[in-house]
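95 is the number that UniProt numbering gives to position 95 of the sequence shown; each next residue is one higher, with no gaps.
Virtual Cβ for every residue (Gly too), placed ideally from N, Cα, C.
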Amino acid sequence: SDSGNETHEAEFEGISDFKVVNTSLYPRMVECRVIKTPLELEVLRCVNKLSSDAHKEVMQEIRPGKKENKLESLFKHHCYLYGGARHVSYTSICGSGNNGASLHYGHAGAPYDKTVEDGDV
């Protein structure tokens, strides 16, 4: 897998009562992830455009004095307002300056609480 994630065999009480063929499921699951229906492709195109537009809006709003968490909020707001997406599929990475080198920094009590300074972007 290109993700580096591994699949594990099922484990449960009584599994020994079944004939387990652990060499056939993985290739079939991988193949299911590769092939997309026309509807799945349409959904992927739609959410990719939505995310791209949200990124562009955030980039247009970045300036000294803005808080990183406000930029993250703007991204989420755009996705909800224009795409009806109440949730996004990943945690936004909105670090500026030295924080831009860390994919996810901070903690739950103060996520992205830095103010963008001149030269940070």
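Name the two residues that bound the continuous alpha helix (DSSP H) containing residue i.
i   : result
G97 : Taken as a continuous stretch (DSSP letters only), G97 belongs to no alpha helix (DSSP H), as it is neither H nor E.
E68 : 68-83
H55 : 38-61
S34 : The sequence shown places Val at residue 34, not Ser. Unbroken alpha helix (DSSP H) run through V34: 25-34.
Going by Cα to Cα distance, which pick from the options is closest to residue i?
i    : options             : result
R86  : L74, A101, G95      : L74
G119 : D113, G106, S96     : S96
V43  : D113, D17, I62, G83 : G83
C94  : L81, C46, E61       : E61
G65  : T7, G4, K114        : K114
If I measure Cβ to Cβ from residue i and keep anything under 7 Å in the same chain, skipping five residues before and after, which residues do I get?
i   : result
S24 : none
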